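Have a look at the structure below, then the notes.
In full-length UniProt numbering, the protein residues as written are 1 to 726.
Below, the structure written as structure tokens:
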């Protein structure tokens with residue numbers, strides 16, 4: 001299908017939509033917008049992939065607003081946009097309001113962390129577009145018994161992340177409530193070529209759009225790879241923020257855990273570097289405030305975990321620093337995608353230790369962008385134009401200088417020591433969850449380290465004569481220290497010393513003479529193999545590989561496995577080595593009191609209480625808490641206002657079962673107090689009593705009191721007789 005034209009007017013958009021686009025500052029559509037908007041307007045399902053910052057949000061918002069045109073008083077929202085994170089949903093909502101500012105369309109957000117009562121009110125306001133996170137949307141839908149039958153379009157923003165983050169039961173239930181005639185759109189920066197993983201989204205003859213698969217990162221992005229030990233990363237980070245990066249430039253620093261954020265935030269504060277932070281367990285209000293501070297450039301350094309790697313739009317971002325190198329290439333693309341957007345330039349600094357170096361080789365294959373080691377002789381070379389893909393060392397003098405500052409801060413502030421210990425413990429846990437590097441990358445890393453002499457990265461090299469001389473001296477000092485480390489003496493410890501009459505020395509000397517005679521008889525060629533003579537059997541001109549040319553790229557784009565799949569692969573069950581043990585394991589069943597049958601131990605045991613919906617999906621029982629009914633009665637709101645169902649039945653499955661059960665019971669035995677008419681409606685209990693009922697109650701009380709007095713007299717008489725006998 002050909003897209004029409006190369007500008008917004010040629011797409012036949014209405015005047016209010018065009019006005020909103022130009023007011024937003026868009027002049028010409030990006031490639032993803034040019035290709036996607038006409039297809040979405042034609043009504044086809046779309047699966048679109050384009051790198052971060054290419055304008056994917058506008059690619060689905062513009063056709064949505066064009067198709068809706070104006071607000072309708074009909075019950076129920078017409079468009080649903082699902083986002084994996086709260087920040088991405090808020091950003092999408094902001095864009096939607098700006099594009100629709102010249103229309104009367106209503107757009108609302110349903111996000112976790114906000115008031116449920118306020119969200120009930122939003123649904124009752126009858127919005128046209130709902131932007132939500134899956135968990136909270138399902139909670140509201142179950143509480144209010146929403147059917148979403150009026151939804152015409154559903155959008156999965158950052159689709160691969162939605163399916164990876166464990167939203168399986170929420171997405172299944174939401175999709176079961178949607179109409180089968182809906183239009184489905186999937187957008188992400190990283191999608192595999194095979195969309196088998198996304199068939200669960202209910203796609204019907206989708207059109208696949210994949211742009212920039214060869215250049216997954218912006219051509220204006222400069223990559224700088226710095227080699228340093230884990231212990232020296234903080235010192236390198238301080239130097240970059242103080243000396244390399246300008247104070248006016250905005251920088252995001254990706255850290256492994258929230259404990260690292262708290263520790264480094266304290267260090268930066270003591271060094272008078274203003275910064276703010278963002279992590280998953282941060283309160284929603286504090287999160288809004290911190291992002292707002294960074295947007296307004298009140299602070300220019302933002303410390304984050306991978307929470308902000310998806311969708312958070314920070315305009316004019318200049319630098320990204322990877323404090324720890326990501327184990328997945330796809331995650332690296334999303335991290336560095338925050339900068340060099342919409343034609344702007346940017347820089348990505350990566351601090352890489354030796355145990356993280358294999359991931360750099362995996363990334364190189366994924367991006368199809370090789371890197372090279374910094375040349376030690378670059379100090380004498382004036383040509384350093386293309387050094388963005390160079391892997392180089394950080395000068396030891398820089399590290400020592402910054403480490404000295406950190407040690408002084410630890411001496412002045414005792415709480416930094418405890419925070420550092422917590423960081424080390426948290427990093428050990430982080431390493432346990434990090435993916436293992438593939439064998440090919442590990443082999444390449446070992447060959448690279450053994451064959452290459454790595455010099456200082458060019459960003460640390462000052463061309464002034466004085467600085468060059470200093471670096472030359474330090475380079476010689478480092479080489480001398482490395483040669484000392486690798487030095488192996490020919491003499492043993494027994495042969496050292498000035499005492500020539502030592503018995504051990506004479507014994508080792510005699511042994512060495514005997515050994516040298518035996519070793520001299522064997523040729524070295526049988527033991528040693530020259531690496532230079534080894535040749536690769538693969539002829540680049542004629543060898544047919546068993547993998548496709550884009551194998552590494554597609555492997556990096558694959559979805560990560562769910563927790564259940566990883567758990568099944570991790571569990572090892574031994575079957576037994578005898579016939580009796582094998583039979584015993586097969587017959588080992590457990591009685592389920594609820595299901596009233598035997599099941600395999602651990603078979604689909606839910607972690608929390610579940611309820612089954614009308615569609616047959618299991619969801620958390622906590623979703624049905626009755627909060628909406630309490631709010632509706634308190635606010636005296638009519639439920640039919642939000643009834644978007646095709647019929648007038650607003651009961652859920654559980655209420656229907658109770659009502660049907662009461663009908664069956666009433667047909668067997670009709671209550672005596674029920675008036676004629678044959679209905680099953682129960683009359684409330686009468687509280688006013690007649691004269692006969694009051695008289696009857698008094699007579700009964702008199703009988704009881706008379707009986708109690710009689711029993712009391714008998715007990716008293718028996719007690720007296722017993723005393724007389726004594």
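For each residue, glycine too, the CB sits at the ideal point set by N, CA and C.
Being a predicted model, the structure only gives us computed values, none of them experimental.
If we count the other Cβ atoms within 10 Å of its Cβ and call it buried at 16 or more, is residue i buried or exposed?
i, result
"residue 718", "exposed"
"residue 189", "buried"
"residue 260", "buried"
"residue 677", "With a pLDDT of 46 at residue 677, under the threshold of 50, the predicted position of this residue should be treated as unreliable, and no value is reported."
"residue 715", "exposed"
"residue 491", "exposed"
"residue 139", "buried"
"residue 694", "exposed"
"residue 727", "The question about residue 727 has no answer, for the chain in this structure spans 1 to 726."
"residue 349", "buried"
"residue 480", "exposed"
"residue 363", "buried"
"residue 61", "buried"
"residue 510", "exposed"
"residue 621", "exposed"
"residue 286", "exposed"
"residue 489", "exposed"
"residue 598", "exposed"
"residue 22", "exposed"
If you drop the 5 nearest sequence neighbours on each side, which residues of the same chain put their C-beta closer than 6 Å to that of residue i?
i, result
"residue 13", "66"
"residue 327", "359, 434, 435"
"residue 450", "none"
"residue 159", "186, 188"
"residue 177", "147, 148"
"residue 142", "623, 624"
"residue 324", "256"
"residue 117", "631"
Can you check which of these residues, the options, is closest to residue i by C-alpha distance?
i, options, result
"residue 459", "368, 506, 223", "223"
"residue 505", "516, 493, 515", "493"
"residue 180", "160, 204, 159", "204"
"residue 111", "329, 92, 299", "92"
"residue 100", "437, 129, 485, 150", "129"
"residue 352", "330, 365, 314, 394", "394"
"residue 356", "431, 286, 421, 302", "431"
"residue 85", "36, 162, 28", "162"
"residue 94", "243, 8, 263, 314", "314"
"residue 347", "252, 89, 74", "252"
"residue 6", "17, 36, 16", "36"
Once the 5 residues before and after residue i are set aside, which same chain residues still bring their CB inside 8 Å of it?
i, result
"residue 406", "234, 235, 238, 267"
"residue 706", "none"
"residue 70", "103, 104, 105"
"residue 732", "Residue 732 cannot be examined here, being either before or after the span of the chain that is shown, 1 to 726."
"residue 442", "358"
"residue 416", "263, 266, 267, 409, 410"
"residue 240", "321, 349"
Give the DSSP bridge partners of residue i, in chain order.
i, result
"residue 110", "132"
"residue 597", "592"
"residue 347", "222, 319"
"residue 19", "Residue 19 is not bridged to any residue."
"residue 48", "187, 209"
"residue 277", "303"
"residue 227", "352, 393"
"residue 155", "81, 185"
"residue 253", "303, 321"
"residue 373", "391"
"residue 456", "393"
Leaving out five residues before and five after residue i in sequence, what residues of the same chain have Cβ atoms less than 7 Å from its Cβ?
i, result
"residue 708", "none"
"residue 335", "254, 309, 320, 322, 326"
"residue 636", "none"
"residue 152", "78, 79, 182, 183"
"residue 471", "379, 395, 456, 461"
"residue 230", "353"
Nearest chain B C-beta to residue i closer than 8 Å, yes or no?
i, result
"residue 43", "The chain inventory of the structure shown lacks chain B, comprising one protein chain alone."
Margin query: Check whether the segment 47-60 and the segment 27-34 are in contact - that is, three or more C-beta pairs closer than 8 Å.
Written below: yes
Margin query: Would you call the segment 386-404 in contact with the segment 356-372, where contact means no fewer than 3 C-beta pairs closer than 8 Å?
Written below: yes
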